[in-house]
Ligand SMILES: [Zn+2]
Ligand SMILES: [Zn+2]
């Protein structure tokens, strides 16, 4: 006897972000990665070129460190070079197993990681890889222009992991990382007092809940704060609560212009 068909109104299986495993919201149903994880990828792509000049300072261990103002010892032969930094700053000639399917141990050169992803993406879109100067800023911008598409692909977790590992490694060397400040406000989603503002110097890049993963743009956080001050019950309007990266988000056109971002 045939098994009874499933009820048509049975609750559909919840899709989850392939990066963070959090359930995807209805407006993220067409994606494989959530807006929060997309935001992290974009933030790392913006950060990488900014870390490079600092990283170069660390190429020579006796070179002055940012913030110390101390010059290296003068009148001496060229100082030794840090092999790990030299490797990171090395050329982008990727090894055969570069790319999302590669299984590398140890950090690869920055240009090799970016170059492998550019080749991988360019083949699949298809798209013309960047021409002209192959400066990291040029490479990261090219990748950023394809993130709208990449967040719908099953391998987005690999890109997320490789960029996270690369940035984490560089931060460990340079000691330069975003500033994280706890917020006194409760999360608009889960009400936990676990919001943390992350940014550089006095600029807030985003505010994130450490409990539920809710991500607020600076403007949405400001609206949340104003609503909390003016209303007896903090109930910001839905539009003010929306969460999305602060640069290009294809399916959030209504919020364009909230904060400038890189454009292709
Ligand atoms: Zn996610
Ligand atoms: Zn929360």
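Numbering (the UniProt record's numbering), first residue to last: 1 to 264. We put the CB at the ideal spot given by N, CA and C, even for glycine.
How big is the Cα-Cα spacing for residue i and residue j?
i	j	result
residue 334	residue 157	Any question about residue 334 goes unanswered here, given that the chain covers just 1 to 264.
residue 224	residue 54	36 Å
residue 143	residue 83	27 Å
residue 59	residue 170	12 Å
residue 145	residue 188	30 Å
residue 230	residue 162	43 Å
residue 47	residue 191	30 Å
residue 131	residue 227	48 Å
residue 85	residue 221	38 Å
residue 209	residue 151	21 Å
residue 217	residue 199	11 Å
residue 28	residue 148	12 Å
residue 201	residue 177	10 Å
residue 219	residue 42	18 Å
residue 185	residue 141	34 Å
residue 135	residue 204	27 Å
residue 183	residue 90	40 Å
residue 233	residue 126	Note on residue 233: pLDDT 48, under 50, position unreliable in the model; the coordinate value appears next. Those two C-alpha atoms are separated by around 50 Å.
residue 164	residue 26	26 Å
Please check the pair residue i and residue j, which I expect to be a contact at CB under 8 Å, by giving their CB distance rounded to whole angstroms.
i	j	result
residue 181	residue 197	5 Å
residue 122	residue 128	7 Å
residue 24	residue 34	6 Å
residue 166	residue 113	6 Å
residue 14	residue 32	The pair is not a contact, with the Cβ atoms about 14 Å apart (cut-off 8 Å).
residue 137	residue 49	4 Å
residue 139	residue 118	6 Å
residue 88	residue 107	6 Å
Go ahead and label residue i buried or exposed: buried means 16 or more other beta carbons lie within 10 angstroms of its beta carbon, across all protein chains shown.
i	result
residue 45	buried
residue 109	buried
residue 193	exposed
residue 30	exposed
residue 81	exposed
residue 16	exposed
residue 168	exposed
residue 40	buried
residue 98	Residue confidence is low: residue 98 scores 44 on pLDDT, short of 50, so the model does not pin down where it sits. No coordinate-derived value is stated.
As a quick exercise: from the options, pick the residue whose alpha carbon is nearest that of residue i.
i	options	result
residue 206	190, 228, 179	179
residue 175	43, 57, 39	57
residue 133	147, 153, 217, 111	111
residue 212	203, 199, 202, 195	195
residue 124	155, 164, 216, 88	155
residue 120	186, 135, 153	153
Within 8 Å of any Cβ in chain C, is that where the Cβ of residue i sits?
i	result
residue 37	Given the protein chain composition of this structure (a single chain), no chain C is represented.
What are the uninterrupted segments assigned as beta strand (DSSP E) that are 3 or more residues long and contained completely in the stretch 145-214, given in chain order? Counting only runs of 3 or more, we get 179-182, 195-200, 203-209.
Could you pull out every unbroken alpha helix (DSSP H) segment of at least 4 residues lying fully inside the stretch 105-129, listed in chain order? Taking 4 residues as the minimum length, the alpha helix (DSSP H) runs contained wholly in the stretch 105-129 are 110-124, in order along the chain.
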